[in-house]
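Visitor: Take this structure first; my questions come after.
2 protein chains.
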Amino acid sequence: MDETNEVLRKAPLFEALDEDATAALRASVSEVRLGRGQTLFAEGDEGDRLYVVLSGKVKLTRSAVDGRENLLAVLGPGEMFGELSLFDPRPRTASAIAVTDTVLAGLGHDDLRPFIASQPQVALQLLKALAARLRRTNDVMSDLVFTDVPGRVAKQLLELAEKFGKEGEDGLHVHHDLTQEELAQLVGASRETVNKALAEFALRGWLRIEAKAVVLLDIERMRRRAR
Amino acid sequence: MDETNEVLRKAPLFEALDEDATAALRASVSEVRLGRGQTLFAEGDEGDRLYVVLSGKVKLTRSAVDGRENLLAVLGPGEMFGELSLFDPRPRTASAIAVTDTVLAGLGHDDLRPFIASQPQVALQLLKALAARLRRTNDVMSDLVFTDVPGRVAKQLLELAEKFGKEGEDGLHVHHDLTQEELAQLVGASRETVNKALAEFALRGWLRIEAKAVVLLDIERMRRRAR
DNA sequence: CAACTACTGTGACCTATATCGCATCCGCGT
DNA sequence: ACGCGGATGCGATATAGGTCACAGTAGTTG
Numbered sequence: 090m091d092e093t094n095e096v097l098r099k100a101p102l103f104e105a106l107d108e109d110a111t112a113a114l115r116a117s118v119s120e121v122r123l124g125r126g127q128t129l130f131a132e133g134d135e136g137d138r139l140y141v142v143l144s145g146k147v148k149l150t151r152s153a154v155d156g157r158e159n160l161l162a163v164l165g166p167g168e169m170f171g172e173l174s175l176f177d178p179r180p181r182t183a184s185a186i187a188v189t190d191t192v193l194a195g196l197g198h199d200d201l202r203p204f205i206a207s208q209p210q211v212a213l214q215l216l217k218a219l220a221a222r223l224r225r226t227n228d229v230m231s232d233l234v235f236t237d238v239p240g241r242v243a244k245q246l247l248e249l250a251e252k253f254g255k256e257g258e259d260g261l262h263v264h265h266d267l268t269q270e271e272l273a274q275l276v277g278a279s280r281e282t283v284n285k286a287l288a289e290f291a292l293r294g295w296l297r298i299e300a301k302a303v304v305l306l307d308i309e310r311m312r313r314r315a316r
Numbered sequence: 090m091d092e093t094n095e096v097l098r099k100a101p102l103f104e105a106l107d108e109d110a111t112a113a114l115r116a117s118v119s120e121v122r123l124g125r126g127q128t129l130f131a132e133g134d135e136g137d138r139l140y141v142v143l144s145g146k147v148k149l150t151r152s153a154v155d156g157r158e159n160l161l162a163v164l165g166p167g168e169m170f171g172e173l174s175l176f177d178p179r180p181r182t183a184s185a186i187a188v189t190d191t192v193l194a195g196l197g198h199d200d201l202r203p204f205i206a207s208q209p210q211v212a213l214q215l216l217k218a219l220a221a222r223l224r225r226t227n228d229v230m231s232d233l234v235f236t237d238v239p240g241r242v243a244k245q246l247l248e249l250a251e252k253f254g255k256e257g258e259d260g261l262h263v264h265h266d267l268t269q270e271e272l273a274q275l276v277g278a279s280r281e282t283v284n285k286a287l288a289e290f291a292l293r294g295w296l297r298i299e300a301k302a303v304v305l306l307d308i309e310r311m312r313r314r315a316r
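For the protein sequence lines, the chains are A and B, in the order given. Just add 89 to the spot in the first sequence (first one is 1) and you have the numbering used here. Just add 89 to the spot in the second sequence (first one is 1) and you have the numbering used here.
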């Protein structure tokens, strides 16, 4: 449980706090382990917990009536999700599914509320987090309107690179763990079109395609293509 | 300044508070008057105030490099905007422009911060507001991916109806004050396509088109078309 | 290691929507 | 009242990207 504390302490939600402040809360943390493809919660469920990713990756997805899906985000270690229903107590509007084997810390809303009330910095931290998310979501919206599919793919890869990129000999390795289908759902396009966009980028030498990963070779050009 | 207080008190931000709690804050409120088309602030400006609409309507817009625009929202009386930079202090990411003659209450961030710190309910209220907005924005994103233009137009009209609709003899009058160009930017489509969608709805008898307004005649069918 | 299943790659369509080009129309200012 | 500029209506055309169909490939499980 030591590693749990480690990641939790670094999570934006708590980074401003000292040991004492979080002690009570940490006592009520529950750990959840998921295998690839397992569902943590589904759209429509009652939501009474907030989660922080300790290790692994989780996708947040929404599905249309006809079964088509749409990824809102892919979250890695340190990132938080499931907090909306804490302030706006309605059923979950997205499902959370593990993209890789994943370990999560779950915090009950009932434990959190008094904690937030007693720690004004936490409320501010949360406001900051939500504000940043809102900005980002607005960006994504503008992209859906203004940017073509290859552009959105390029932009998305650069974003994934910021989160998951590891500098290597031959370029920036982005092991995103997503199938092309999932990547397509993330940029709001069809699997085929995304595949063709990737192939085009590879052909131009801007990246190399690997299993559930890409290696970015010419970030500058990718950036130019993205805007 | 009486009407100012009236609307402010009812704004979600303050509704939970009594006179005393807000007295200090109201002293630092400044009133802003704008004519149709006037810009309150522009993308890239430093943002240090939050606004509440007292009367009139304001649009929040973002523009792409090539000049194309995208409306994030149209805000009416009681609604708040410009709060993101309060928690995430970066330049404004959207412009605010009056859609009609408008009166706003402006609250400086420096006045707000201590107020929020001293009134935990306000922080909660803000969290709630941001959470709700995030949900809504996610909905819009899904619509951009899943729903065709006529569907988005129908949905948008129904949303505008909730906000601005007035029940009349012959149907639900929605005086949105937007040109078709603006409506198109709001749903992320071209002016022409939106025009044709409206014409189609009118032809079917689902609505009547008026100057900067529509009258909804068959809300049930509009609703079905929207999903 | 065989045989499934899931993922990837690519071409041939087809359709929704953007773009272009006008022809009104309507409200406003002089 | 007249004329002008922005707003609307609508058809013709172009195109990005969705859908379909299939083939190749790789990863997993018995």
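All C-beta atoms, glycine included, are put in the ideal place defined by N, C-alpha and C.
Given that Asp199(A) touches chain B, what residues does it touch there, using C-beta distances under 7 Å?
Guide: Under the 7 Å cutoff, chain B gives no residues; its nearest Cβ is about 15 Å from Asp199(A).
Visitor: Using Cβ-Cβ distances below 7 Å, what residues of the region 214 to 244 of chain B are close to chain A?
Guide: Residues passing the 7 Å Cβ filter: Leu215, Leu216, Lys217, Leu219, Ala220, Ala221, Arg222, Leu223, Arg224, Thr226, Asn227, Val229, Met230, Ser231, Leu233, Val234 and Phe235.
Visitor: Mapping DSSP to helix, strand and coil, what is Ala278(A)?
Guide: In the structure shown, Ala278(A) sits in coil (DSSP, three-state: anything other than H, G, I, E or B).
Visitor: Along the region 158 to 180 of chain B, what residues have a CB closer than 7 Å to any CB found in chain A?
Guide: From the region 158 to 180 of chain B, only Asn159, Leu161, Leu173, Phe176 and Asp177 have a Cβ closer than 7 Å to chain A.
Visitor: Restricting to runs no shorter than 4 residues, where is the alpha helix (DSSP H) found entirely within the region 227 to 295 of chain A?
Guide: Entirely contained in the region 227 to 295 of chain A, the alpha helix (DSSP H) runs reaching 4 residues are, in chain order, 238 to 253, 269 to 276 and 280 to 292.
Visitor: If contacts are defined as beta-carbon pairs under 8 Å, then Leu305(B) and Leu296(B) qualify, I think. What distance do you get, rounded to the angstrom?
Guide: About 5 Å separates the two Cβ atoms, so the contact holds.
Visitor: The alpha helix (DSSP H) that contains Arg151(B), what's its start and end?
Guide: No alpha helix (DSSP H) holds Arg151(B); the beta strand (DSSP E) holding it covers Val147 to Ser152.
Visitor: Using the beta-carbon count (16 or more within 10 Å), is Glu289(B) buried or exposed?
Guide: Exposed: under 16 other Cβ atoms inside 10 Å.
Visitor: Can you grab the Cα-Cα spacing for the pair Arg138(B) / Ala194(B), in whole Å?
Guide: Roughly 10 Å separates the two Cα atoms.
Visitor: Quick check: the region 163 to 176 of chain B against the region 216 to 223 of chain A, are there 3 or more CB pairs under 8 Å?
Guide: These segments touch.
Visitor: Quick one: what does DSSP say Ala116(B) is sitting in, helix, strand or coil?
Guide: If DSSP states are grouped into helix, strand and coil, Ala116(B) belongs with the helices.
Visitor: Using three-state DSSP, classify Leu306(A) as helix, strand or coil.
Guide: In the structure shown, Leu306(A) sits in coil (DSSP, three-state: anything other than H, G, I, E or B).
Visitor: Thinking C-alpha only, which one of Gly294(A), Glu281(A) and Val118(A) is nearest Gln269(A)?
Guide: When each option's Cα is compared against that of Gln269(A), the closest is Glu281(A).
Visitor: Taking 8 Å as the threshold (C-beta atoms), are Pro166(A) and Asp134(A) in contact?
Guide: Cβ distance not < 8 Å, so Asp134(A) and Pro166(A) don't count as in contact.
Visitor: For Arg313(B), decide whether its Cβ has a neighbour in chain A, counting only Cβ atoms nearer than 8 Å.
Guide: Cβ-Cβ to chain A under 8 Å: no for Arg313(B).
Visitor: Please return the same chain residues whose Cβ sits closer than 8 Å to the Cβ of Gly171(A), not counting the five positions on each side in sequence.
Guide: Cβ within range, chain order: Phe130, Gly136, Arg138, Leu139, Tyr140, Arg181 and Ala185.
Visitor: With a CB to CB cut of under 6 Å and the five nearest residues on each side skipped, what residues in its chain are close to Gly260(B)?
Guide: Once the five neighbours on either side are set aside, the close Cβ partners of Gly260(B) are Val304, Leu305 and Leu306.
Visitor: Beta-carbon within less than 7 Å of Leu200(A)'s beta-carbon, same chain only, minus the 5 sequence neighbours each way: which residues are those?
Guide: Leu is not the amino acid found at residue 200(A); the sequence shown has Asp there. These residues qualify, in order along the chain: Leu114 and Ser117.
Visitor: Does Ala206(B) get closer than 8 Å to chain A when you measure Cβ to Cβ?
Guide: Yes, contact with chain A.
Visitor: By how many angstroms is the C-alpha of Leu143(B) removed from the C-alpha of Phe204(B)?
Guide: The straight-line gap from Cα to Cα measures roughly 21 Å.
Visitor: What number of angstroms, rounded off, separates the C-alpha of Met311(A) from the C-alpha of Lys244(A)?
Guide: One C-alpha to the other measures close to 8 Å.
Visitor: In chain B, which residues lie less than 8 Å from Pro209(A) when you measure between Cβ atoms?
Guide: Under the 8 Å cutoff, chain B gives Ala206, Pro209 and Ala212.
Visitor: Can you give, in chain order, each stretch of the alpha helix (DSSP H) that sits fully within the region 132 to 203 of chain A and has at least 4 residues?
Guide: As far as the region 132 to 203 of chain A is concerned, its whole alpha helix (DSSP H) runs of at least 4 residues are 173 to 176.
Visitor: Measure how close the beta-carbons of Val163(A) and Leu267(A) come, nearest whole angstrom, since I'm counting them as under 8 Å.
Guide: Confirmed, about 7 Å.
Visitor: Please report the distance separating the alpha-carbon of Arg314(B) from that of Val238(B).
Guide: The alpha-carbon atoms of Arg314(B) and Val238(B) are separated by roughly 11 Å.
Visitor: Considering Cα atoms alone, identify which of Leu161(B), Lys146(B), Glu132(B) and Asn227(B) is closest to Val154(B).
Guide: Selected option, being the one with the closest Cα: Glu132(B).
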